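**Student:** Just dropping this structure here.
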Amino acid sequence: MSNTKHKRAAGLGRRDFVKTSTLAAGAALLVPNILAAKAHIDGSDAIKIALIGCGGRGTGAIMQALSTKENVRLVAMADAFRDRLDDCYKTITAEDVSDWTGVAGNFKERIQVPEEHKFSGFDAYLKAIPLADVVILTTPPGFRPIHFEEAIRQNKQVFMEKPVATDAPGIRRVLAAAEEAKKKKLNVVVGLQRHYQTEYRKWVEMMQAGAIGDIVTSRVYWNNDGVWVRTREEYSQKAGRPLTEMEYQMRNWYYFNWLCGDHICEQHIHNLDVGNWVKNGYPVRAQGMGGRQVRTGPDFGEIFDHHFVEYEYEDGSRMISQCRHQPGTMSRVTETFQGTNGTAPKPGVLLTRSGHEIYKHDGSNDPNPYQVEHDELFAAIAKGEYRYADAENGAKATMTSILGRMATYSGNIIEWDAAINSEMSLMPQTFAWDAVPPVLPDENGMYACAIPGKTKVL
Ligand SMILES: NC(=O)c1ccc[n+]([C@@H]2O[C@H](COP(=O)([O-])OP(=O)(O)OC[C@H]3O[C@@H](n4cnc5c(N)ncnc54)[C@H](O)[C@@H]3O)[C@@H](O)[C@H]2O)c1
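For the sequence shown, the residue numbers in my numbering are 596 to 1053.
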C-alpha cells in the first residue's frame, strides 16, 4: 500500500513483483490531458466511459463508475451478445437503481449511449474503445489480453476485472501492455478488490512490516457451492434454433478453460493474490491434486470442481490453497497466515503466539471496496494524476492461479519460470460464431477434462 516500495521491473520472473497495487505515496504524477475521445456528449469536460462486457459484473462496475463524484458519462457499450447489452442498458437506465447502488435515484443524465454506440459481436470492443477516455473490461477473462492491449494501444485508462488471462501467452501479453501503460502513464485498476478494502489494507501492511514475524505458512480458501450453469437447451430455445458450438461455449463460458481458466483462476485468484501480497512475492513452484466428482454432466464443460495446491515461495514457506465448488460441503472463503511470532486467523486480526491481540479491525462499516476502486480511479483521472498500475500484479496473480491449475491438471511439480514461459495457448485461432472452439464435445455431449499423470500443461 501507500508506504511500500514499488518495483517497476518488466521481466517475467517471480522476483519482478510489485509490492502493492498502487504507486508509492506521493508518487502521483501529473499527466498530459489525454481525455480526448471521439464521442460527442453534453458537457465536453466529462470523462467518457466505454463498457466492454455488459454482464453481471459489467453492470455492477458501470454503476460504480457512474456513482463516483466525478463528471462521468457512459458513451459506448459493447458485448458479444446483443441481448446481454440490452439487458444491461435496461438495468442501468431504470428510474430507480437503488437496488444496485443503495441510493435512491438514477443515472439517466450520465448515460448517453445512442443506438449507434451500442456494438455487438467479437469485434465490438474495437468500435467502442475509440469513443471513450476510460474503458471498463468485464468480459470473461480469456479476452482480457486482447482487449487490454487494444485499450492501452489507444491510450485509454482502464478498469479491468480479474482474472486477466487464462493461459501463459495471454499473461505475457498483459505484462507487455502493462509496461506500455506505465510508459504512457495510464491508470490501470484491476478488480482484485481486496487491495481497495480497508480491512485488508492495514492488515497486510502490518504483516509485510513484520507484525507477526516471518510468514511461514499461508492458508487460502475459496470453498463454496459453485456458480451458474447456462444450458445449451435454454439458449437454443431463446434463439429458436440450435446454437453453434462457439455460441454455446460463449454463453456457458465458466466451464471452458480458454474463456474462464477453471475456477481456481476465476474465483480463487482473490485468495491467492492476498497470499502473494502478504508474502510480497510470487511462488517459485507448485504441486497439487484435483478433479471433478459432482460436475459430471455435459453442462460442466471441462473444468474441475476441486483443487488443492501447495505453493512454495523462494524462502521455503508454503501457501496451502483449497478451492472447491461442491454443494453441501463446508463453505469457506478467506485467508489466514502463520508467522514466526504470531498468527493472522482472519482478515483484520493479528494475534501474538500466546493469543494476545496485536491488531483488530471490524470491517462491517468499511466502504464497499468495489465502489472504492472506482472512486479512487476516477478521482485520479479527473485530477490528471497517474496513481494506479495494477496490471502487472493482476497478471502475476492470474499466473499464480494458472500455475496451480497446471499443477492439479498434471499432478506434477510445476516451476513458475517454466509455466509463465509456456507457449501452450488455450485460445481459438479464429473468433466467429461459426468458428471451431479449441475443445469439442464427444458424441454424448461430454468434454474431455484433465487426467493427472497424462495431461500435458506446458
Ligand atoms: N471482482 C469480483 O469480485 C468479480 C465479481 C464478479 C465477476 N468478476 C469478473 O468479471 C468478469 C465477468 O464476469 P460476469 O460475472 O460479469 O460474467 P457474465 O457472463 O455475467 O458477463 C460477461 C459478459 O461479457 C460478454 N462477452 C463475452 N465475450 C465478449 C467479447 N469478446 N466481447 C464483448 N463482450 C463479451 C458476455 O456476453 C457477457 O455479457 C469475469 O472475469 C469475472 O471473474 C469479478
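We put the CB at the ideal spot given by N, CA and C, even for glycine. Since the model is a prediction, treat every value here as computed from it, not as a measurement.
For residue 896, which residues in the same chain have their Cβ closer than 6 Å to its Cβ, ignoring the five residues on either side in sequence?
**Tutor:** For residue 896, where only same-chain residues beyond five positions count, the Cβ hits under 6 Å are 850, 851, 1042.
**Student:** Quick one: what's residue 784 bridged to in DSSP?
**Tutor:** Partner(s): 754.
**Student:** Have a look at residue 627 and residue 864 and give me their C-alpha separation to the nearest angstrom.
**Tutor:** With a pLDDT of 46 at residue 627, under the threshold of 50, the modelled position of that residue is not reliable, and the figure given next carries that caveat. About 34 Å.
**Student:** Kindly indicate which three-state DSSP category residue 645 falls into: helix, strand or coil?
**Tutor:** DSSP places residue 645 in strand when its eight states are reduced to three.
**Student:** Just how far apart, CA to CA, sit residue 1012 and residue 704?
**Tutor:** When rounded, the distance between both Cα atoms is 49 Å.
**Student:** Taking 7 Å as the cut-off, is the C-beta of residue 1062 nearer than that to any heavy atom in ligand 1?
**Tutor:** Nothing about residue 1062 can be reported from this structure: the residues present for the chain run from 596 to 1053 only.
**Student:** I need the boundaries of the alpha helix (DSSP H) containing residue 998, first residue and last residue.
**Tutor:** Where residue 998 is concerned, the enclosing alpha helix (DSSP H) stretches over 986 to 1005.
**Student:** Go to residue 973, then tell me how far its alpha helix (DSSP H) extends in each direction, as first and last residue.
**Tutor:** Looking at the DSSP string, the run of the alpha helix (DSSP H) that includes residue 973 is 964 to 977.
**Student:** So, at 6 Å on beta carbons, what are the nonlocal neighbours of residue 841 in its own chain, with the 5 sequence-adjacent residues on each side left out?
**Tutor:** So the qualifying residues of the chain are 1028, 1030, 1032.
**Student:** Pull up the distance between the alpha-carbon of residue 737 and that of residue 747, whole angstroms please.
**Tutor:** Each residue's Cα considered, the two are about 17 Å apart.
**Student:** Would you call the region 720 to 727 in contact with the region 981 to 993, where contact means no fewer than 3 C-beta pairs closer than 8 Å?
**Tutor:** The region 720 to 727, when compared against the region 981 to 993, does not touch it at the 8 Å Cβ threshold.
**Student:** So what does residue 732 bridge to, in DSSP terms?
**Tutor:** Paired residue(s): 647, 755.
**Student:** Pull the bridge partners of residue 706 from the DSSP assignment, please.
**Tutor:** The partner list for residue 706 (beta bridge, DSSP) reads 669.
**Student:** With a 10 Å radius around its C-beta and 16 neighbouring C-beta atoms as the bar for buried, classify residue 989 as buried or exposed.
**Tutor:** It is buried - the Cβ of residue 989 has at least 16 other Cβ atoms within 10 Å.
**Student:** Which residues in the same chain as residue 839 place their Cβ atom closer than 6 Å to its Cβ, once the five residues preceding and following it in sequence are excluded?
**Tutor:** Cβ within range, chain order: 1028, 1029.
**Student:** Ligand 1 and residue 826: does any heavy atom of the ligand fall closer than 7 Å to the residue's C-beta?
**Tutor:** No, Cβ of residue 826 sits at least 7 Å from all heavy atoms of ligand 1.
**Student:** Check whether the region 703 to 723 touches the region 670 to 677, counting contact only when three or more Cβ pairs, one atom from each stretch, lie closer than 8 Å.
**Tutor:** Touching, yes.
**Student:** Given a threshold of 16 other Cβ atoms within 10 Å of its Cβ, counted over all protein chains shown, does residue 616 qualify as buried or as exposed?
**Tutor:** For residue 616, the predicted structure reports a pLDDT of 48, less than 50, and the residue's modelled location is therefore unreliable. The matter cannot be settled from this model.
**Student:** Does the beta carbon of residue 861 fall short of 7 Å from some heavy atom of ligand 1?
**Tutor:** Result yes, Cβ under 7 Å from ligand 1.
**Student:** Going by alpha carbons, who is nearest to residue 914 out of 932, 901, 900, 924?
**Tutor:** Checking every option, the nearest Cα to that of residue 914 belongs to 932.
**Student:** Between the region 855 to 871 and the region 748 to 761, do three or more beta carbon pairs fall short of 8 Å?
**Tutor:** Yes, since at least three Cβ pairs between the region 855 to 871 and the region 748 to 761 fall closer than 8 Å, the two stretches touch.
**Student:** Use the C-beta contact count for residue 647: other C-beta atoms within 10 angstroms, 16 or more gives buried, fewer gives exposed.
**Tutor:** The residue in question, residue 647, is buried, as its Cβ has 16 or more Cβ neighbours within 10 Å.
**Student:** Given 7 Å as the limit, tell me if residue 999 has its C-beta closer than that to any heavy atom belonging to ligand 1.
**Tutor:** Checking the Cβ of residue 999 against ligand 1 gives no.
**Student:** Just confirm the distance between the C-beta atoms of residue 1022 and residue 762, as a whole number of angstroms; I'd bet it's less than 8 Å.
**Tutor:** Sure, about 7 Å apart at Cβ, within 8 Å.
**Student:** What first and last residue would you give for the beta strand (DSSP E) that runs through residue 884?
**Tutor:** Start and end: 880 to 886.
**Student:** Return the CA-CA distance between residue 977 and residue 665, expressed in angstroms with no decimal places.
**Tutor:** Roughly 7 Å separates the two Cα atoms.
**Student:** Please report the distance separating the alpha-carbon of residue 871 from that of residue 656.
**Tutor:** Answer to the nearest angstrom: the Cα atoms are 25 Å apart.
**Student:** Within the continuous beta strand (DSSP E) that includes residue 841, where are the two ends?
**Tutor:** Residue 841 -> not in any beta strand (DSSP E); alpha helix (DSSP H) instead, spanning 840 to 846.
**Student:** Please report the straight-line C-alpha distance between residue 718 and residue 734, rounded to a whole angstrom.
**Tutor:** Whole-angstrom Cα-Cα distance: 13 Å.
**Student:** Among the residues of its own chain, which have a CB less than 7 Å from the CB of residue 955, if the five just before and after it don't count?
**Tutor:** For residue 955, where only same-chain residues beyond five positions count, the Cβ hits under 7 Å are 943, 944.
**Student:** Between 684, 644, 640, which lies nearest to residue 651 when the distance is taken from Cα to Cα?
**Tutor:** The shortest C-alpha separation from residue 651 is found at 684.
**Student:** Any idea if residue 949 is buried or exposed, counting beta-carbon neighbours within 10 angstroms, 16 or more meaning buried?
**Tutor:** Residue 949 should be labelled exposed.
**Student:** Rank 947, 858, 790 by C-alpha distance to the C-alpha of residue 810 and give the top, closest one.
**Tutor:** Minimum Cα distance to residue 810 is reached at 947.
**Student:** With a cut-off of 8 Å on the beta carbons, I'd call residue 998 and residue 878 a contact; round off their distance for me.
**Tutor:** Confirmed, Cβ separation roughly 7 Å.
**Student:** Of the residues 643, 743, 642, 691, which one's Cα is nearest the Cα of residue 986?
**Tutor:** Taking only the C-alpha atoms, the option nearest residue 986 is 743.
**Student:** Between the region 995 to 1009 and the region 684 to 701, can you find at least three pairs of beta-carbon atoms closer than 8 Å?
**Tutor:** Verdict: no, contact absent.
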